[in-house]
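Peer 1: All residue numbers for the sequence shown refer to our numbering, where the first residue is 1151 and numbers rise by one. Pasting in a structure now, in structure tokens, and then I'll have a few things to ask.
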Amino acid sequence: VGRRNSIDFSKDGSKLYLLTDTTPRVIEQYSLSTAFDVTTKSLAKTIQTDFDNDRKIRFSDDGSKLFIQGADNSRDTQITTLNLSTPFEIDTVSSSTVNSLGISARQSFDISSDGTRIYISDTSEVVTQFNLSTPFDVSTATLTKSKNFAPNQLICSHISDNGELIQFSSPEFSNEIIKQYRLSTPFE
């Protein structure tokens, strides 16, 4: 089966998405007969990504956009946005854009539920925040700030939907939460 770089779910939990750690990278879409229960999965469809170094996937809340974080040939972080004509259906890509964020390649990313912020992290627990002047439009990203949470070789694995919690995990065990911080100001 092989390793997976990233996992995401549709908002209602009826679909599971995995990004493979293969060359070329593939996004697998599974149907779940019981919401959020991965033991009930069945493969529905797959698509190949454009870049062999894609690392993470995230959907917009409404499922109309799929974001793929990777790096370009000069190792700058880039986000590919796939616009989907049918929400949460990966084989309905109507258009795509690629935007470089102008910082060195990172291990992980997340996007706020309202689409106004992107968080990029590396293996030294530094989280870089970009604000988006147009929600879910990565071309409007402006670097806002970076924060070092602690030097323990962890990566940011998740920002909660309400922006109050940030979770870190080990790159080797990305499903195991190692540290969690409560933010005094959501998404800040």
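Just so you know, even glycine gets a beta-carbon here, dropped at the ideal spot from N, CA and C. Predicted model only: the values in this text are computed from it and were never measured.
Spatial neighbours of P1285 within its chain, please: CB distance less than 8 Å, with the 5 preceding and 5 following residues excluded, ordered by chain position.
Peer 2: Excluding sequence neighbours, P1285 sits near D1264, G1265, T1266.
Peer 1: Can you tell me whether DSSP reads S1214 as helix, strand or coil?
Peer 2: It is coil, neither helix nor strand.
Peer 1: Please state the DSSP three-state secondary structure of S1289.
Peer 2: Three-state DSSP puts S1289 in a helix.
Peer 1: Measure the Cβ-Cβ separation of L1234 and T1227 and say whether it is below 8 Å.
Peer 2: Their beta carbons are not under 8 Å apart, which means L1234 does not touch T1227 by this criterion.
Peer 1: Exposed or buried, which one is G1114 when buried takes at least 16 other CB atoms within 10 Å?
Peer 2: With the chain covering only 1151 through 1338, there is no way to say anything about residue 1114.
Peer 1: With a threshold of 16 other CB atoms inside 10 Å of the CB of D1222, please say whether the residue is buried or exposed.
Peer 2: So D1222 ends up on the exposed side.
Peer 1: In terms of alpha-carbon separation, which member of A1291, I1207, K1295, S1289 lies closest to V1276?
Peer 2: Ranking A1291, I1207, K1295, S1289 by Cα distance to V1276 puts K1295 first.
Peer 1: Which residue or residues does DSSP assign as beta-bridge partners of F1259?
Peer 2: DSSP, once it has assigned bridges, lists I1270 as partnering F1259.
Peer 1: Pull the bridge partners of G1220 from the DSSP assignment, please.
Peer 2: DSSP lists Q1228 as partners of G1220.
Peer 1: Since V1248 is in the beta strand (DSSP E), which residue starts that stretch and which ends it?
Peer 2: Where V1248 is concerned, the enclosing beta strand (DSSP E) stretches over 1243-1254.
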